[in-house]
Structures are given as C-alpha cells and as structure tokens.
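Protein sequences, first through last, are from chains A, B, C, D, E and F. Numbering of the first sequence is given in our numbering, commencing with residue -4 and proceeding in unit increments. Numbering of the second sequence is given in our numbering, commencing with residue 56 and proceeding in unit increments. Numbering of the third sequence is given in our numbering, commencing with residue 132 and proceeding in unit increments. Numbering of the fourth sequence is given in our numbering, commencing with residue 258 and proceeding in unit increments. Numbering of the fifth sequence is given in our numbering, commencing with residue 159 and proceeding in unit increments. Numbering of the sixth sequence is given in our numbering, commencing with residue -4 and proceeding in unit increments.
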Amino acid sequence: MDAVIEWLVAACMVIGGVFALIGSIGLARLPDFYTRLHGPTKATTLGVGGTIAASLLYFSWQARQLQLHEVLIILFLFITAPVSAHMLAKAAMHRQLKRLKGTRGEPWEQ
Amino acid sequence: MELLVAVIIGVLVSTGIYLCLRARTFPVVMGLTLLGYGVNLFLFAMGGLKIDRVAVVGLNSDPTDPLPQALVLTAIVIGFAMTAFLLVLALRSQGEHHTDHVDGDDEGDREGRR
Amino acid sequence: MILHSALSLTFGLLTVAWLLNLYRLIKGPTLPDRVLALDTMYINSIALIVLYGIQVDSKLYFEAAMLIALIGFVSTVAVAKYMTRGDIIE
Amino acid sequence: MKRWFERLFPSLTLSLLLWLTWLLLNGFTPGHAVLGLVLAVLLPLGTRPFWPNVPGIRNLPRLAGFILVVLWDILVANLTVARKVLGPLGDIRPAFVPMPLALEDDFAIALLASTVSLTPGTVSADVSLDRKFLLIHALDVDDEQALIEEIRQRYERPLKEIFEC
Amino acid sequence: MSHWIIAPILIPALAGMLLLLEVRERHQLRRVTGLLSASALLAVAVLLWQQAADGSITVYRLGNWAAPFGIVLVLDRLSALMLLLTALLAFPALLYACRGDDRKGANFHGLFQFQLMGINGAFLTGDLFNLFVFFEVLLIASYGLALHGRGRARVKAGLHYVVLNLVGSALFLIALGLIYGTTGTLNMADFAVKAQALSGSDHTLLRVAVLLLWVVFGLKAALFPLYFWLPATYANATAAVAALFAIMTKVGLYAILRVYALAFASGPLAGLGRHALWALALTTLVLAAIGALGAKRLGTLVAYLVVMSVGTLLAAFSYGQLQAVGPALYYLLHSTMICAALFLLTDLVARGRGEAGDTIAAGPAIPHGGVLAVLFFAAAIAVAGLPPLSGFLGKVALMQAVPVPLYWALLLLAGLVGVIGLSRAGSSLFWRTLGPGDGVRPGRQRLLALLLLLAMVLALTLWAQPVLQATASVAGQLQQPQHYIQAVLPGGAS
Amino acid sequence: MNFAYLVLLPFLGALIPPLVARVTANRTALACGAALLPLVALLQLFQPALRVFDGQTLLARWNWVPSLGLSLSFRLDGLALLFVLLVLGIGLLVILYARYYLSAQEKAGRFYAFLLLFMGAMLGVVTSDNLLMLVMFWELTSLSSFLLISFWHDKSDARKGARMAMTVTGMGGLALLAGVLLIGHVVVIYSLVEVLISGDQIKASPLYPLILALVLLGVFTKSAQFPFHFWLPHAMAAPTPVSAYLHSATMVKAGVFLLARLYPALSGTDLWFDTVTLAGMATLLWGAAQALFQHDLKGLLAYSTISHLGLITLLFGLNSELAAVAAVFHIINHATFKASLFMAAGIIDHETGSRDMRRINGLWKYMPYTAVLAMVASAAMAGVPLLNGFLSKEMFFAETLESSHLGALSWLLPLGAVLGGIFSVAYSARFIHDVFFNGEPINLPKYPPHEPPRYMKVPVEILVALCVAVGVFPTLVVGGLLTVAARAVLGGTLPEYHLTIWHGFNTPLVMSVIALFGGVFVYSQRRRLYDGFERLPKLDAKLVFEGVVQRLGRVASLITGQLQNGSLQSYAAWLLALVAVVLLTQMTGLPSLAPQKALLPVDGVSLLCSGMLVAAALLTTLLHRHRMTSIMCLSVVGLMVSLVFVRFSAPDLALTQLSVEVVTILLLMLAMYFMPVRTRGESSVPRVVRDVLLALVIGGGVALLAFLVMTGELSSISPFFLEHSKPGGGGTNVVNVILVDFRGFDTFGEITVLGIAAMGIYALLRDMQLRSARYDSQGRPWASDAHPLVLVTISRPLLPLALLIAVYIFLRGHNLPGGGFVAGLITAVALVLQYVASGVGWVHERMPGDYHPVVALGVLLAGLTGIGSWAFGYPFLTSTHDHFHLPWIGEFELASAMLFDTGVFLTVVGATLLILANLGKLSLLDDKKEGA
Ligand code: NA
Ligand code: NA
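Next up, the structure:
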C-alpha cells in the first residue's frame, strides 16, 4: 500500500513538474504575447495542481488522516490566476502588441 | 551554502549602494530596497544558517536562532515604512521641482559644472 | 526512494521552468511579457514551496505558498492596470 | 424566521465557503467548527456592502457538475495544449474570437471568463463595456463558431442555470 | 513598582495617538493636547532627574524579562539629564509652533509628539537594537517634521536628509548584526562585558561593528564628512522644528558617549576609534566655522553653529579618559538651548523682513525690530562664547578640561568666526535697512517662547556652578561603567 | 557700602535712560538720569579711596563658578582707583557733553544706556581681582564699544568701523582668554592676589613665552598697538563723546592697564622688553607720523592717541620701575588732554558741520573761547612746559636715555623718542594753526560758526583746567594718586622720583626743545610733506579689513560650496567612502578566513535560486533607466529573498517578505504614474567607476563579514528564548513570542514607526501638486475601462475570503508562523484590491476613508495592553496567558500578547491603507481623463 501511494505521490509530483515546465516552455517559446499568455495557465492548473495533489497525498498518508488544506492553494489560484491573465490581455491589447501573423480576429480597442 | 548566502548579500549590498549613488530618485528608491534586502539577509545570517530547523517549540531538537529573525521582521517593517515615505517624498520633490533629479535641478550631471 | 528521485526530478523540472521564466523576463520584449514571466515565476514558486514542504516533511511552509496564491496576483493586476490606465487607484 | 436567517447569512454560499475553508485550514474539530461558524457569519456580514451583486446559487447539484466538467476539461485541454506548445510553432492558428454573451449577471460573466481562462487553450481577453460580448483569445482554433458553441454548451448554459434561472 | 521611567516614552506616544485619533482638525484641542504633553514631560523629567541625581541607576525591565534577554530602560544621570534637556527644549519649541506654524501642514502635533517619544526612547533604552528602533522613530518623525510646511528648498533638503539617513539605518543594522554575531547579545551592558572577552577574528569583526556604529551615530550627530545634509535641512525647516532639531545632533553624540563610556573607556578595546573621532571632530569644527563664515542666510549660519558645537563636543568627548565629559555636557546644554533660540530668532527676523527673509543683505526694516535686535545681540554673545553668558563659561570649562593647544586654537578661532559672522549678519539684518517692508512684528507668544529659551541660557549662566557640578556628577557616573553594568545585570553577564 | 557695588551701579544705571526716555524726551532729564548713578558711585568712592590712599588693597569676593576658578572678585588698589576715577570722572563729563552734542531726534536713551554699559564693563576690568572675570569684562568693553561705534548704524562707516573694532579687539580678547587660562594652568588660581606674587613661577614656566604672546595680543589689539592699530581711526565713526571717552581716555587704556596690572607677573624679561618696547616704539612713531597727515580732525586725534598709547606701552616695556611710574603718569595726562581735545573737536564739528581741516580755518574769530581751551590742550599734547603733557614726556625722554638694554643700539630709543616728539609737536601745531588760524573757513556746511552752548564747554574747561593744574602743581594735584597707582603697579616699593617742572638743564630738556622746534619746523614744511604723503600709496584699513572679511567669506563659501555642493550623490559618496575606509582599514587584520564549523552543502535548487537572485539584482541595477523592467527584476529579487527565508527555516520572514513585496509593487505602481518611465544615462565614466568601486568594496566587505560570522561559533542569548517561549510567553512560535513578548517593546516602536510614516506621508501628500501623464509611455491615450468587470467581480467576494485567511494567520501566529503583521498586510492588500478594482469613490461609499483612527487605535491598543500590566504590578508589556476550557469546544489558550498583536494588526492595516489610499487619491486632484 505504502509503495503504491509513494508511486502515486511521485507521479503527481512529476506530472506537476512536467506541466509547469511545459507552461514555461510555452512562455519562452511561443511567438507572440497572446499565445504566450496560454503558457502559465498550464503551470497554474496542472503544474501546481500536480504538486498539490502530491503534497495532499503525502501528508494524508503520513498522518494516516485526510489533509485537505492544500486544496485551498488550488482554490485561490483558480480564483486569482484568471484575473491576472485577463488583465494582462487587456494591457496587451491596449498596448497594441504585435500579433502572430495569421491570427484571426481583431483585439479590441481599449 | 554559507558562501552562497554571503555572495548574495554582497551582490545585494553592492547593487544597492551603486543605485543609491544615482542621480534620480527612482534608482535611489530601488537601491535602498536592494540594500534593505541585503542588510536584512545579513542580519538574518548572523544567527547562522540552518535548514528545516524552524524555531517552533517542540518541532525540532536543534532549532535555528530565532532572535535574528525577529530583528529582521522589525527591520522589514521599518524598511517598508521608510521606502513608502521616501517614494512619496520623491513624488513631492518631483512636484516641486518638475524633475526627478535628487537635487531638484535637471541640469544633468553636476560634475560637469564644477 | 522513489519519492526522493521524483523530488529531485521535479525540482529539476521546476528550476528549468524558472530559468525559462527569467529568460522571458529579460528578453521581454514588451512589458506585458515581463509581467507575465514574473507572474509565472511566482506560480512556479508555489509549486516549489509545496515540494520543499514534502522534501523536509514539514507543513510550516504551506502558508507561504497559500499567500502567493491568494495575494500574489495583486501585483500583476496592479502592473496591468498601470499599463492600461496609468492610475491604479482612481 | 426566514428573514432572521437571511439577515444572518446574506449569502449562504459565501458563508459555507468560508466555513469550509476554515475547517480545511484548521482541521475538523468542534472548537474550530464553532469558531469557523462565527467567522462565517461575521465576515460576510461585515463585508456585505463589498459584494453587492453576488447572486445566490440556485442549483447546487448543477454547480457540482459544472466543477467536474471544468476540471475534466482542464485535464484534457492541458494535454492538447502541451502538444501545441512542444510541437512545431508553424502549426498553431491563434484567433481572437468575440463571443456573444447570453449571461446577464456580472458575477456569472466573470465566472465564465475565469473558466475560459482556466481551461488551457483559451484566454478571456476582454468583456465589452456593455457586457454583451466576451473576447476570447484561442491558441489554436480552426472553427471559431465551434469554439463558441462548445463554451456555450459546456460553461455558459450551466452557469446560467446555476445563477440566473 | 514605579513606572515613571517609561513615562517620557509613553506620554508623547499617548498624546501622539490621541492626536491621530482627533480627525476633525480642531486646532485648539490639538495645541492643548500637545502642550499638556510637553508640560507633563517636563514635570516627569524633573522628577526623574531628581531620582537619578543621587547616583542611583534605575532599571526598568520591559515585559518583566531580565536583561540581557528582555529590553530594559535604564535611567542614570546621563539619560535623566538628556531627558530634562529635551523636555526643556520641547516646550518652548511647541509653544512657538502653536502660533500658526503648526497649521502649515498636516499632522504637525502628532509628529512632534512622536519625535519626542523617539528622542526620549533613545536616551532611555539599554538595548542596542531598541536604540535602533527609537532612532527610526525619531527619524521618521523628523522626516515628517523637516518637511512640514512648504517650499522647494525644504523638500530638496528633506530628500537628502532622508536618503542619507536611510543608508545610515542600513549601516546601523549591519553594525548591530555584527555585534550580535560576535557577542551574541544586544543588551548594552551585556555587550560591554562580552566585548572585553573577544579574540581572534571576532575581535576584528567587533572593531568593524563599533566603527560602523560611530559612522552611524556620526551621521546623526553631523560629523565631518557626514554633516553635509544638516545646514540645508535645518536652515529650511520650520523654525520650531529646527529648534527641536537642536537636540537631534545631540542624540548622535549621546549614543557615541553612551556606548563608548560603557564598553570602550577601558579594557582591551579601550579607545576604539577615539583618535579618528577626535580628528574628525576637529575637522568638523574647522569646516563648520568656514561654513559659518560663508553663510548667506542667518538660518544657514545658525545651522553651522550647530555643527560647530558638535565638533566642539565630540572632540571633548573623545579626549583622554572621558575627563572632559563634564564640561562638555554643560556646553551641550548651552549649545542646544542657544541654537534653538537662534532658530526661533531667525524666524522672527525673517518674518519681520517679509520677502527678504533671513538673507544676510540689506532689506526692509523690521517693525519693532529693537527687541529682536537686543535679543539677537544677547544670543549672539552667548553662542559665540563671549562673556558673560554660558557660552563663555562652557568654553572656559572645555579649555580647562582639554589642555590641547590645537583644540584651544580651534575653539577660539571658531569663536572669532562666530563673532565675525554674527556681527556681519546682525548689522546687515537690523541696520542695513531700506525703509519699511511687508514684514510683521514679532507676536507675544513667539517672543515668549524665545524668551523661555534665552532664560534657560541665562539660568545656565547664573547657576553655572550647580549645573557644572551636576554635569560633573554625570561624567563621574559614566566613568564607572561597572555600576551601570551591575544595575542592569545584577546576576552578572549571560 | 562695599566698593564692589560701585562697579555694578553703572550697569544698573544703564536701565535708567531708556526708562526715562519712555516718559520724556527732555534731553536734560535723560542726561541727569544717566549721570545719577555714576555720580553716586563717584561720591561713594570717597571712603574706599581714603583707605587705598592709606595703602590698603580692598578686596571683595563672591563665588560664581568656583569649579572654573571664576569668582566675582574685586580689588581696589591704587591702579584700580586711578582708573575708576578716570572712568567715572571723564564718564560724567562725557554725559554732560553728550547732552548738548546729541540732537533732539537722536535716541539719547539708548546712547546713555550703551555708555553706562561700557562704563560698568570698564570699571569691571579695572577692579577685577580674578583674571577670568577680567577677561569677561574686557570682552564686554569690546561689545559695548561695538554698540557705541555703531550708534549711527544707518551709516555704513559706523557699521563697518564697529565690526572691525569688535573683530580685532574681540580676537585679542580671545587670545587674552587663552593667556589667562595658561596663567591659571601655571599658578593654579586666577586671583591676582596669587598671580601677582607668582611672577617668578610664571616667568620660569616653559609656557611663559606663549602666555606673554597671548596676553600681549590682547593688550596690543585693545590699545591699538602697531600692527593692530588700524581699527582705532575707523572707530571715529562713533559720536564724538564716544571717541573722547572710549577711544582716548578709557577703553584703549585697558590694554596698557593690563600691562600695568600684570607688570609684576610678566615683566622683567628680555622677551618682555623686546616685544613691548618694540611694539611701543613702532606705534609711537607710526601714529605720530600719520597724525600729521590726517585732514580729519578726529583722524588726527585718533592717530595721536595711537602714538601716545605707543609711548605708554614703550615705557612699560623698558623694564624700569621709573618708566612704569612715567607710564602711569602719562596715562592720566593723556586722558585729560586727549578727552578735552576730542570734545573740542566735537564742538567744532557740531558748530561748523565739518571736521575737514582743509575747510575749517580761522575759527579763532568765531569761537575764541573754545579756541583757547583747545589750544591749551593741544599744547599739553605737544609737551609744552607748564602743562601736564610736558612732565610725563620729560620723564619719558629721561627713561629712554636710561635704558641700555639694546647695548650699542641703545641710542635708537632716545632718537625715536625725539622723532616722535617732533611729530607730536607738528600735529599739535597743525591742530592749533590749521583750525583756528590759517585764513578764512572754506565752504562750511554751517556758517558762520558760533560758540557752543555754555554747558557744552564745561567738561572741556574742567579737563583743560586739570591739564594746567597738573602741569603747574603736579605733586599737589596728582602726586598722591600717582604714588598709590604706581605702587600698585610695581607691587610695593616705589623708586625715587620727583614731580617737578624744572629738573635743570639736562638732556631730556634738550630733547624737549629739539622736539618743540623740530615740530614747528616740520609743520612749516607741511605743504611739501602733504604732497609727498599724497603720492604714497594709500592703504585704507577699513577697505582692507572689509576686503579681507569679504574675501574670507568668499573663500569660505567656495570651500563650503565644494564640500557642500548640494549634491546628494556627493554626500552619499562621502558617507559610503567613510564606510569603505572603515572596512578597508579594519579587514586587513583578519586572522583567518577558515570556517570554524562545517558548512552546509550546496544543492542545485539553492544554487540556481541564488544565481537568479544575483542575476535579478544585477539586472535591476543595469536596467535602472528602464524603470518598469527594473521593477520587474526587483520583484524577482524579492521573491528569491523570500525563498531564501523559506530555505533557512524562517517561514515568518518569508510570509512577511512576500506580503511586503506585494504592497511595495502597489506603491511603486502608484508612484510610477507620476514618474518618468525612462531616463537617459547621465553619469560620467569617472563617476561610474567611483561608484562601482565603492559598491564593490562595501559589498565585498559586508559579504566577507557575513561569511565570517556565519562560519564562526556563537554563543548567544537565544537559548533563553527557545527555553522560555512556551512556559514564559505562552507560545511555541519563538519568533512571534520574541516579537510580542520578549522584545515586544521593539515591536511597539516598530508599529509606531509605521504609524508615523503614514502620518508623515499623509502630510506630504496634502496639497501636493503633481502632473500625471495624459498618455501612456507609448503616447496612446489611456484605456477607457477603468474598472474591468472581471477584476471587479472577482475581487469583491475575495475580500471576506482574504479576511478569513488573515484571521487564520493572525490566530496561529503565536504558535506557528504567522501573526498580526502578516495578517494586517493580507487585510490591507485585500482592501487595496477593492480600491484598484472599484475605485476610491466606490470603496469610500462602503467604509470610512480616514485611516488615521485605525492607526491610532492600533498603537493605542498595543500601548494599553502594555500599560495593562501595571494593574498587576508588573512593568510595561508584561504578558500573561492562560488555558481555558469550554465545554464542547475544548481546550484553548488566550494570551495578552494576542491583544498586543491585535494592535499590531490594526496599525498595519491602518497605516498601509492610509498610505496607499491617499497616494491613490492623489490622481483625483488632477482631472486628466475626461469621461473616465
Ligand atoms: Na490613483
Ligand atoms: Na584748516
């Protein structure tokens, strides 16, 4: 049983790390600001989510008792991170940042 | 690790001091903030570095020195108050002098005039 | 044991992520890019702190991570608002 | 009786959320249950003027379903977006997609915008000043209309049911 | 148990908070609150001086924690004397401000009270980090006060003052860190004990720490090359504030004296930095005299006189085995009072001359300037060290105590420079008149405040002997740090 | 009545004239008021004078500052009596004279007050038994002289003359002070009683040359001895009564008085002879020669005074007892004839409106009576027989002949004396001839001149009468006084001397005759001499002095300007350079850098984190001109520092740092609205090099210090805290217990700082004028959406959630990381978020916008918690804590420290909001956005 949980914790952790990395790769690699904006959402959701899951499992397993308080981190992040992204998108549109060629649709006047 | 922290402190203090010596209020504020970080870390380091030895009674057998931490806390708060004051003062100065030069005149570098 | 390896691996992944954030922060080219990079760095730090908690088997660092999750976005919002309105409190 | 209850809990959802949060943080002990309850009453009461238009939840089971859907979408979308990010960049077809809003409540609109942003691949970039449109930036989309329809189906309609109907 | 010892901190703190609570800007109420607090402070200071005068050292353990673990307040003769001086200065300064200057900006009375709290705290505390905290209290309040009112010059000077002191605070923390890192304590008495026992690299580290402390205190005290901020700051501050600031440099001097007397008057680290302080003090004296000679405004001239007094005092402090401290403290009392009086006088003159202000040049005649001229003449005599006022007595006392030709020469030359500068200023301001101007005559309340300060100078002259005996007793106590240490650490060092 | 009270009478009397002047403008009444107390003093002097004539020395003494050796000690011996008589007698005459001299418009009350002030000071000088007291009165004479010279202070000449006089004599006074202190150092006591009998001790002391030099500096400046004579002619800008009184009869005699006074203590050495004689001779000749060429009546008299003072000095310098007697005698004589001459000059000035002898001619015709008086006095000055000047000059000639001190060059002395005599006769002749004869007056402002009012002549008459009386009956009139005075000077025994008019045909008489005829001859050659003098380069002492003072001022300004250049960068560089010096000088002596304990191993994450921190710090610095980027980099630094705290077991610090970080960014953003976004580079290369060097030295030094401390062993007071935290403080989080209990007083101060900062900021922000940018950094108008829907809607319900977290953080703080400060910051940030999202107006509709009371309540609560412990008999801030048990809920603990922490919480919330909200409101004053 312990080994299973240990593997589970490890898996969650690594998944989290991988998605955090992918998000940051997106941030570094994607061609314009608007596409880069999609990167961090990964880090937020699955990246942090994975590590939180790992932590949750780990401490519950350690204490032999469900420890859910880490969920709050995810909760807060889910509340706040979209606001950041939204505001940044507005800022970018206001600044009329260059879009990737071929982007369909128009950003709005701010 | 101690060396690493020492280097960090050194860099923070150096950059802080360099910025404090600039001619505009903004870099001075930035410099004082950096200097503040450096000094706080310095003060923090005075108790020695320990990993995962939080000074909570009953958690660790060999807890870290709590006193420098308390001092740094006080220093952080005071530093924040001072930074805020300086920043507003910088604005005030700019309002009065119509420049953000620390000496209130915008004739560029004073050394040229000597 | 597996946990230890996984921790090391994840730490490695996160630090590489950090480096990429720093790269974007330096490179820019625009201010929104930099703010985004900083924001991401903060979020990656949450993961890092949580992992560190697992590593040292301590829950004392949880609040730090929670704090970032709760109020870290305020600075991003402030900068974003600064960019669009100049005036963040109006 | 009812009015007394409403006055004590201007928003039951919020109070519940606070109480749960408190218990999550401190553990499920009797003492904290009481203290959490006190806080769950006092804090919303004290900050009542600050959230004038947060609507009550009319359909709790629908909310649970909605959350599950979103979580599932996040998981799936993450995988698709990961492929895009790691794959060749020439393939991606980003677009700004203005989506007409059926929601009328501010809070519901904000929740929709947040949901859109949370699911990888889309970011809600703006809400028109008249609250009639949501501007979505999508990382890779070939049919804007399909995207709009999907969002409408999976998020907007449930939200409307949860808050407005 | 007696709690009087903490009253000099709590009274202004309480008054400050009440003033902060008073949001409706009822000015008379604010003035009454401020003046009541200042009067109460004066009463308490007298009481505490009486308590300390018999040589007893009172220790107040905050939180009931024994030194060196908790913070202690220590009342000895030196701290009692400084408290008394502060209270004596604060009342007239506040009285002066209450004639209208207090309304030239927000929160004047609150800031004034907190300034007093900081100063008194610095004089009372027996803990080095707590000293830092009170330094910050008095600094942040002084920033606010220095900028009270309007004016470009004031803002520029204020900015310089603030930035330099922020750097100073950073240095202070470094020094404190080193002190803790080497001696493991923050209590002054405990530090004095432990400092003696250090060796090896800790010894060097402690030297650095203490020298940094001297730099920090020197910045507050306005020592060369750290005084450059002072003339502009003081000359541009509101008069009552400048008058109160006359004590500020003395806080720096006090800190040097306190730490030095406690830990470095004897033992293996004896005389740490003494020669450097001596040299810098004399340089300060010279440069301040030069500054006074070249001053173009009366306010600037007075500010340089403040710096001159700092050089004079610090040189005396750093001479020999503290044997000149008694006379130096007398001179400290004198110079604080007279410089404060001169700042007020400068303001009255500037008001009387209207547009011309305190510029040392021909200007409009001062309405009813005769009184001011007489007072200026008297104050000039006192500050230049001419007979028969306390300046002369102080100088004689210092010269007798510090028989060093260079010191004598510089002291006398500085006096001469004072005579030249003040006579030039006085004859320009009062005599080179260009007919009536738009100035106003000095009001009664302001004159009263000024007269109170001058009366103290007169008292220092008439009762020079008892005062000198008192300062000698202060010095005597300082020369026996073991009593202080014994009182703070009855069970020995930690 | 004790004679010492006499000295105080004039000081008291100084109060009378101003008081009288308030009642009446009557000049006679004023003069009477002024004369009253001096007259009383003079009359009261009779009794003590008799005792002095009996050979007694009267002493009186009050303690003042015994620890300085300063007492109010008075002595009345012969010398003092002589001077007291001069001061009071001539003083009264001058008051009488001034009654007529001053016009009705002049502020006579003030004049008399100053005059009496001087009189008191001068009496103090001459009756001092304590040398320190003597110096005090000495300086007082300078000060009162300053007031009197500048009596007509709307005249530039008067002001400058007064300042010059005071500067020169004041400087002398300071030197004298040093000299006196040195005497005190040698003799231990400042009383003349001791000093006068300790002459041998003083002269044997290695300090003697220094003492002599300093004392003589005082003497020479006061008595206008060459080369310090230049101030005296310019003091003639004073009203003539002042010139008559201070600058001929009394004050300038203070110098020679001191020579006489200290004669037993200091004279008798070669050094004394050389300096005093030489200075006297130089002054005698220079003054006499200059006097002849003065066209100003008072100028002539002034230089003549200088010359005569030189004569007296020379006599004292001769180290001969008889010479000293002659000197004292000449002091008396000079006082009488010179005072009367000044008064006469004043009358002439008064009646003609001019003092220029080139215009004043032939006054004999218009004011014969005055002319007679002036001519007699002039004759006395010239040393004409049957007048007092002749007698002392004879003695002077005789003494110069007696001295053999100069050896083969001894003849120089009589030669100089005769030369001086010749000039003396010449200028006296000029005074008589050029004024009263020599044709008709030219172009006088007042014409024709008349005799002055009757009583204006009385003082002159009295003085001239004295000149004649002494000249004819010396022994009778002045013999006794001279004897006692000279005895006081010489300290007991007197040499044999005879005050007779006729000593027979001897060399001095021949010298007198030569002087008389030579003088007349010189005067007859005046035209040629004047022409020659005109061709000499002129040196106006006043111009020179003013020039020197101004140049000093300029140089001083220049030096000051160099250091005090108004540049913050330079001030900061000085400060930091001093720190660098400390570090460089002290760190060289470090014994070893080897760590004393095992170092912690480095791991990859820490290394990378540090690397990023360093990079971010460097970037913050390098990019500081691109301000927003710099701020972003600074944020990274802040984040990394927080992580360092996490890493090294300081979660409390991490929490604090993180929340402060957010508030700081808010602050910076608020400020950036008004600040330029970018600036150009403006530091020169040398400046950058300097700053980099300073930064490296200090940064390196601090790093080294940190390393040494971290790797050293430390035994500190901390174990106490770990041990007592739970039992004593009732909390397990030791950091928090330190903050709210062990060192709660620090925290009390700290929150006070925060509160004050908020107050100060509020004060600064009020009526601040700032122009905000109308366009963003790229020149576009600002976006129109001030309150984005998503932000607004999400922020609002976040508030209760954040408050809940704040409560959580607050409550656990005592036992686990957290506490009032962090809780306060979370609350503040949540509230500020409302401002950011919904605007000031919206927020203030929902809660009061003035945070002053919150701050005050916070600090007050903390303070009152502290005071609360008084009720239990414990000191301020003593904490208490206890466990409680509630049914159903369980065990919980309450500590008074939590109340204190609530104070912290409130202060932080209040202060942060006070700062941020008011800074935010700043833009409301500036209506930049239309339709926003
Ligand atoms: Na604003
Ligand atoms: Na003539």
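We put the CB at the ideal spot given by N, CA and C, even for glycine.
For the stretch 789 to 815 of chain F, the set of positions with a beta-carbon nearer than 7 Å to some beta-carbon of chain A reads 789 and 793 in chain order.
Per DSSP, residue 521 of chain E is one residue of the beta strand (DSSP E) stretching across 521 to 523.
Under a criterion of Cβ atoms nearer than 8 Å, the residues of chain E adjacent to residue 59 of chain F are, in order, 622 and 623.
Within chain A, no C-beta atom comes nearer than 9 Å to that of residue 195 of chain C; the closest sits roughly 10 Å away.
Beta-bridge partners of residue 356 of chain D (DSSP): D:391. Residue 89 of chain A counts as buried, since no fewer than 16 other beta carbons sit within 10 angstroms of its beta carbon. Within the stretch 17 to 55 of chain F, the runs of alpha helix (DSSP H) at least 4 residues long that lie entirely inside it are, in chain order, 22 to 39 and 41 to 48. Counting only residues of its own chain and dropping the five nearest sequence neighbours on each side, residue 64 of chain A has no CB closer than 8 Å to any other CB. Each of F:910, F:468 and F:793 was checked against the Cα of residue 849 of chain F, and the nearest Cα belongs to F:910. Within the same chain, Cβ atoms closer than 8 Å to the Cβ of residue 357 of chain F are found at 431, 432, 433, 434, 435 and 436, the five residues on either side in sequence being excluded. In this structure, the straight-line span from the alpha carbon of residue 574 of chain F to that of residue 366 of chain E is close to 9 Å.
According to the DSSP assignment, residue 379 of chain F belongs to no beta strand (DSSP E), since it is labelled neither H nor E. Interface criterion met: the Cβ of residue 148 of chain B is under 8 Å from a Cβ in chain E. The beta-carbon of residue 69 of chain B is placed less than 8 Å from the nearest beta-carbon of chain F.
For residue 558 of chain E, the nearest beta carbon of chain F is closer than 8 Å to its own beta carbon.
The beta carbons of residue 518 of chain E and residue 587 of chain E sit closer together than 8 Å. Two segments are said to touch when three or more pairs of C-beta atoms, one from each, lie closer than 8 Å; by this definition the stretch 350 to 365 of chain D does not touch the stretch 761 to 774 of chain F. For a Cβ distance threshold of 8 Å, residue set 799 and 803 of chain F lies close to residue 279 of chain D, ordered along the chain. For residue 130 of chain B, a Cβ of chain E is located within less than 8 Å of the residue's own Cβ.
Using a Cβ-Cβ cut-off of 8 Å, residue 155 of chain C counts as an interface residue toward chain A, since at least one Cβ of chain A sits closer than that to its own. Across the structure, residue 301 of chain D and residue 845 of chain F are spaced so that their CA atoms are roughly 22 Å apart. DSSP places residue 213 of chain C in the helix class (H, G or I) of the three-state scheme. In the structure shown, the three-state DSSP call for residue 416 of chain E is helix. Remark: C-beta atoms of residue 644 of chain F and residue 119 of chain B approach each other more closely than 8 Å. For the pair residue 534 of chain F and residue 477 of chain E, the Cα-to-Cα distance works out to about 45 Å.
Contact between the stretch 382 to 390 of chain E and the stretch 415 to 428 of chain E is not established, with fewer than three Cβ pairs separated by less than 8 Å. Rounded to the nearest angstrom, the Cβ distance from residue 132 of chain F to residue 223 of chain E is 58 Å, too far for a contact under 8 Å. Out of D:397, D:285 and D:264, the CA that lies nearest to the CA of residue 335 of chain D is found in D:397. Burial check for residue 53 of chain A: the Cβ neighbour count within 10 Å reaches 16 or more, so the residue is buried. If you draw a 10 Å sphere on the C-beta of residue 733 of chain F, you find 16 or more other C-beta atoms in it, and that means buried.
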